[in-house]
Amino acid sequence: MDGVIVLTLLTFSPLIGVLFLLFVDRGNERRLKAMGMMATLIPLVGALSLYANFQTGQEGVQFKEEVNWITFTAIGSMGQPIEFPITYSMGVDGLSMPLLVMTAIVTTLAAVASMYIKRNWKSYFIWLLILEVGLLGVFAARDLFLFFIFFEIVLVATFLLVGKWGYVHREQAANQFLIYNGIGSGVMLLAFISIWFIFGTMQYDELIERAVQLTEQLSTMPEMNWLVLGTFIAILVAFGIKLPFFPFHTWMLKVHVEAPPPVVMLHSGVMLKMGAYGLIRFGVELFPGYVTDLAFFIGVLGVVNILYGAVLAFVQTDLKRVIAYSSISHMGIILLGIAALNVTGLQGAVFQMVSHGFISALLFFFIAALTERTGTTLIPELGGLAKSAPVLCGIFLAAGMATLGLPGMSGFISEFLAFLGIFETQPVLGVLGVLGMILAALYMLRAVLGTTFGPAKGRWQSLKDTRPAEAVPMLVLLGFIILIGVYPAVLNDPLYVTLESIVARMGG
Amino acid sequence: MEIEKFLLDYDWTVLAPELTILIAATLMSVVDLAMGGKADRRFVAWIGMAGVVVAGLFVINYMDREPYQILADTYRLDDFANVFKLIILAGTLLVLLVSQSVLKRSDIAYRGEFYYLLLTAALGGMMMASSADLITLYVGLELLSISSYILVGTRKHVLKSTEAAFKYVVLGATSSAFILYGMSFAYGLTGTTNLFEMQNGLTEAYNTGYAFFVLLSLVLMLVGIGFKISSAPFHMWAPDVYEGAPTPATTFLAVVSKAAAFALLIRIVLVGYSGLLNAMDQVWMERIGLFFVILAALSMIVGNTAALRQRNVKRMMAYSSIAQAGYILVPFAILGVGLFETVAFYLLAYVFMTVGAFAVIMHVNRMADTEDIRSFAGLYRRSPWTAAAMLVFVLSLAGIPLTGGFVGKFYIFFNAIAGQSFWLAGIMVVTTVISYFYYFEIVRQMFFRPPKDLDQWRLPAGVAAAVVIGVVGTVALGVMPQAVFDYLSQLQLTEVLMPAENQ
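Line by line, the protein sequences give chains A and B. Here UniProt numbering is used: position 49 in the first sequence is 49, and no number is missing along the way. Here UniProt numbering is used: position 131 in the second sequence is 131, and no number is missing along the way.
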């Protein structure tokens with residue numbers, strides 16, 4: 001596929017849908033919905049065929065494109081000219097390829113879940129597709145600044161989607177999202193600029209090359225230590241807000257509760273992964289030395305996240321909040337995987353990113369279907385739904401099992417790898433973290449059983465079970481979860497070489 | 001001394017842009033007089049627009065030439081001036097375009113005057129950009145100011161407008177007095193009003209024990225100019241005047257006056273006082289730098305935080321414009337070589353996004369018959385394209401990527417970091433995040449809130465044209481700024497600091 005700008009075409013392919021949508025009458029619900037869903041198939045097919053053409057086992061970036069875009073110039077304090085080039089540089093490696101595919105899949109299924117959206121379908125689908133451009137771009141970019149631009153597209157699109165199509169307190173949620181993530185972006189921009197100061201480039205490939213020499217440089221220039229450490233912490237904070245880790249998580253709960261379910265599928269499934277991806281890409285890849293030094297601290301953060309999220313998930317009465325807190329808990333596992341400093345741990349982290357993407361998408365799809373039928377997500381008001389809607393509840397049970405890490409499902413393999421990794425290097429943290437898994441079994445079973453088992457309450461007795469339009473996407477998601485669970489190579493093959501080289505640079 | 005030059009010895013063709021504007025303004029006033037009392041005056045605006053376009057073409061035609069000075073070295077034509085003239089003319093053209101379709105139903109009694117006062121004000125701005133002498137600078141400044149005072153007060157039956165005009169006249173005159181007072185010191189120290197001769201004179205005065213007076217003259221002028229660019233702490237007039245003035249006049253103040261005042265600032269600081277930069281010892285250098293740092297930081301902080309509490313859109317835009325002045329002042333605080341490029345680029349982006357935003361605001365306020373921020377409620381339902389355009393402007397003002405506002409802001413920010421002015425860069429980032437609150441309030445109103453009714457609001461042709469130009473300009477500067485960067489950086493700015501040698 002040489003000479004073809006496949007990644008650019010893929011990233012911007014949702015815009016084709018936007019173009020078509022513009023010409024459809026805003027009242028024509030059926031056509032708008034059909035078109036919005038169809039439009040997400042274009043990037044999906046693109047991403048899948050890219051994955052098919054991806055050379056696994058090959059180190060480095062594939063499908064690379066590069067064009068000089070903008071060069072900012074300034075005169076330094078010593079009178080020397082300083083250039084700040086932004087290249088339009090795209091490419092995927094073993095780390096970003098699976099995430100790209102996951103993004104395309106989850107977006108398509110979120111578009112299907114958009115059947116529950118009640119109004120303004122036209123602008124809804126337009127923004128959803130613009131959001132997809134941002135999400136795909138974030139994972140395809142190979143230049144810090146380009147990454148930042150796509151990141152901001154995601155910010156604006158999500159703000160509008162949450163604020164317009166969410167539930168009662170949607171505006172508050174959108175505001176909180178905007179401010180937290182705005183601050184995150186600001187910190188990120190500062191971090192990127194100082195990365196550029198330290199390394200003298202914005203392109204990943206050159207950055208990674210120079211990152212190797214950084215440790216030697218630092219030993220000769222101790223005065224740079226503070227700048228580098230500050231940058232690393234800034235990266236940690238910027239992506240920590242996005243991930244989110246405690247105590248930056250409050251906005252994420254609001255979004256999970258107030259945003260429309262398809263947007264939460266994308267948010268929980270993909271956007272939280274942007275934070276994790278950034279941590280690995282810019283934190284681990286560029287500052288391997290600090291990751292090694294601060295591994296214990298990162299691990300503690302991870303454990304705090306796991307336990308805090310799990311305990312709070314246990315006391316929630318709202319199903320949405322249970323899942324939101326469980327997300328916080330599961331993001332902690334990613335941190336633990338990173339803190340393990342070995343290939344197994346990192347594998348666990350990336351597996352968790354992809355796996356959690358599918359699982360939380362499925363859970364929120366279920367929530368959407370549930371809200372459509374019952375109008376509530378409060379566990380005490382529900383109960384006994386399995387009698388009238390066995391398929392729907394069966395799927396929920398399966399998703400719950402995947403969350404708590406039942407063997408044979410993706411959740412198991414991710415947690416297994418992450419803990420295997422951390423037990424090797426920091427067993428104490430591993431022991432504490434595993435407690436979270438026990439708690440996960442508690443809160444997940446409590447939530448699932450509380451909703452589906454027991455005597456059916458009067459008004460839920462004639463609940464409609466899943467329609468094919470709902471069952472198919474849910475089963476597709478479940479399929480992916482099981483596929484990764486029983487055949488992890490599908491994810492591991494493209495991933496392994498990249499992770500190995502990352503760990504090699506950490507000196508692990 | 002050289003041979004005396006007579007008026008006719010000068011190459012007057014270089015003044016073609018200014019003369020075109022002058023002729024157009026005269027023609028407009030004559031036509032206005034000849035027209036009947038109730039006749040439709042929009043025709044007058046078209047003459048003005050034609051004049052501005054022709055003047056712009058003359059400016060473009062004159063670009064990339066050697067600097068040239070006429071009228072006993074008081075008037076200077078160089079690329080620095082040309083760039084600013086283009087910014088001023090572009091702003092004026094857009095304001096005319098908007099006002100010709102909006103003013104027809106408004107309560108401005110003398111519409112004809114409104115149009116040609118815009119031109120005389122623009123002429124003043126062009127003079128400021130081209131001056132090489134304190135006298136011409138001041139004449140240009142007053143021509144701009146006095147025209148603006150009247151523009152602000154044209155809604156003479158509206159109490160707020162009259163009050164605003166009164167406030168503007170009193171405070172504007174005070175600031176002019178400050179500038180004049182500062183100029184008088186500069187003249188007293190050097191015995192000349194020519195900016196290029198002042199370079200050496202001021203350095204000499206500085207080194208011979210008059211350091212305090214040299215700096216006093218600069219600071220006095222900066223106080224006055226601080227008022228003109230509406231930077232804190234001299235910003236108090238802006239919200240009231242922006243609110244009271246008819247919206248086209250507000251737009252003109254926000255865009256053209258501000259650009260011209262920055263041209264003035266660059267002329268005085270870069271040309272008049274540039275000799276000092278080498279002569280000054282570290283202490284004085286820091287004090288001068290500190291003055292700019294305070295101006296910039298205060299403007300960013302005050303503008304962005306005070307805007308949070310505004311419910312009146314025009315007042316909010318006034319505080320936003322104070323904040324924007326703060327961003328543009330950052331390069332001055334650093335006094336790096338990139339000063340001109342960053343300021344010019346930002347102002348160019350600023351023209352597109354601000355005129356566009358005001359055009360939409362004007363339309364929305366008029367249709368809703370209120371200036372409250374709630375007039376934007378549900379704009380998306382009423383006219384999706386207008387809302388989409390406004391979204392572009394707001395994102396640009398807030399500094400979100402892929403817009404001219406972002407590129408301009410980042411350019412300034414990057415220069416600040418390169419100049420090791422980390423504090424200012426930090427304040428820029430923090431206040432930018434704060435500004436999300438109020439800029440996105442407009443987005444919230446447009447997209448999230450339901451409209452009162454479902455009337456469709458169609459943009460009048462002139463406003464629509466200005467909005468389209470604004471969107472195209474904002475996005476183009478955000479996506480493909482390289483061409484403008486390249487042009488600005490190839491200008492020989494060292495030449496700006498030297499007197500032309502055409503005598």
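Think of the CB as a built atom: it goes at the ideal place given N, C-alpha and C, for glycine as much as any other residue.
Check: Distance, A122(B) Cα to M1(B) Cα; Outcome: The predicted model places M1(B) with a pLDDT of 41, which falls under 50 and marks its position as unreliable; any figure quoted below should be read in that light. When rounded, the distance between both Cα atoms is 36 Å.
Check: Residues of the region 217 to 236 of chain A whose Cβ lies closer than 9 Å to any Cβ of chain B, in chain order; Outcome: none
Check: Three-state secondary structure assigned by DSSP to M1(B); Outcome: Confidence at M1(B) is low in this model, with a pLDDT of 41, below 50, so its placement is unreliable and the value that follows should be read with caution. M1(B) falls in the coil class under three-state DSSP.
Check: Contact check, G153(B) vs S161(B), beta carbons under 8 Å; Outcome: yes
Check: I400(B), DSSP secondary structure in three states; Outcome: coil
Check: Alpha carbon of A440(A) to alpha carbon of I338(A), nearest angstrom; Outcome: 21 Å
Check: V237(A) versus G184(A): straight-line alpha-carbon distance, rounded; Outcome: 7 Å
Check: Beta-carbon proximity of P288(A) to A174(A), cut-off 8 Å; Outcome: no
Check: Host alpha helix (DSSP H) of L488(B) (start-end); Outcome: 482 to 490
Check: Whole alpha helix (DSSP H) elements within the region 267 to 326 of chain B, 4-residue minimum; Outcome: 274 to 279, 282 to 306
Check: Contacts around G226(B), its chain only, beta-carbon distance under 7 Å, and the 5 residues preceding and following it disregarded; Outcome: F234, L295
Check: Closest Cα partner of Q316(A) within the set L346(A), H249(A), M444(A), L397(A); Outcome: M444(A)
Check: Segment limits, alpha helix (DSSP H) that includes G212(B); Outcome: According to the sequence as given, residue 212(B) is Phe; it is not Gly. Counting along the chain, the alpha helix (DSSP H) containing F212(B) begins and ends at 211 to 228.
Check: Local Cβ density within 10 Å of Q503(B), reported as buried at 16 or more and exposed below that; Outcome: Caution is warranted here: a pLDDT of 45 is assigned to Q503(B), below 50, making its placement in the model unreliable, and the coordinate value is therefore given only provisionally. It is exposed - the Cβ of Q503(B) has fewer than 16 other Cβ atoms within 10 Å.
Check: Start and end residues, beta strand (DSSP E) containing M90(A); Outcome: 81 to 92
Check: Top-ranked residue by Cα proximity to G299(A), from G479(A), A47(A), F197(A), I333(A); Outcome: I333(A)
Check: Contact the region 378 to 386 of chain B vs the region 432 to 449 of chain B: 3+ CB pairs below 8 Å; Outcome: yes
Check: Positions along the region 152 to 181 of chain A whose CB lies within less than 9 Å of some CB in chain B; Outcome: E152, I153, L155, V156, F159, L160, G163, K164, R170, E171, A174, N175, L178, I179
Check: Meets three-Cβ-pair contact criterion under 8 Å: the region 214 to 231 of chain A and the region 128 to 135 of chain A; Outcome: no
Check: Beta-bridge pairing of A141(A) - partner residues as DSSP gives them; Outcome: M90(A)
Check: Beta-carbon proximity list for V392(B), same chain, < 7 Å, skipping 5 on both sides; Outcome: T403, V471, T474, V475
Check: 4-residue-minimum alpha helix (DSSP H) runs that sit fully inside the region 25 to 90 of chain A, ordered along the chain; Outcome: 29 to 39, 41 to 53
Check: G384(A) versus F63(A): straight-line alpha-carbon distance, rounded; Outcome: 51 Å
Check: 8 Å Cβ cutoff met for F252(B) and M317(B); Outcome: no
Check: Continuous alpha helix (DSSP H) assignments of at least 4 residues falling wholly in the region 159 to 236 of chain A; Outcome: 170 to 199, 204 to 220
Check: L48(A), buried or exposed, once every other Cβ within 10 Å from all chains shown has been counted against 16; Outcome: exposed
Check: At least 3 beta-carbon pairs within less than 8 Å: the region 81 to 93 of chain A vs the region 143 to 150 of chain A; Outcome: yes
Check: Supposed close pair S435(B), N304(B) - CB separation, criterion 8 Å; Outcome: 5 Å
Check: C-beta contact flag for S194(A) and L155(A) at 8 Å; Outcome: no
Check: When A104(A), A295(A), T108(A), I328(A) are compared against A310(A), the one with the closest alpha-carbon; Outcome: I328(A)
Check: From V53(B), R76(B), S99(B), residue whose alpha carbon lies closest to that of L86(B); Outcome: V53(B)
Check: Within 9 Å of chain B by C-beta, residues of the region 187 to 208 of chain A in sequence order; Outcome: V187, L189, L190, I193, S194, F197
Check: Cβ-Cβ separation, P14(A) to I117(A) (assumed contact under 8 Å), whole Å; Outcome: Not quite, the Cβ-Cβ distance comes to about 17 Å (not below 8 Å), so this is no contact.
Check: Contact the region 67 to 87 of chain A vs the region 445 to 464 of chain A: 3+ CB pairs below 8 Å; Outcome: no
Check: Amino acids of chain B, ordered along the chain, whose beta-carbon sits closer than 7 Å to that of F84(A); Outcome: F414
Check: Limits of the beta strand (DSSP E) - the one that R76(B) falls within; Outcome: 75 to 77
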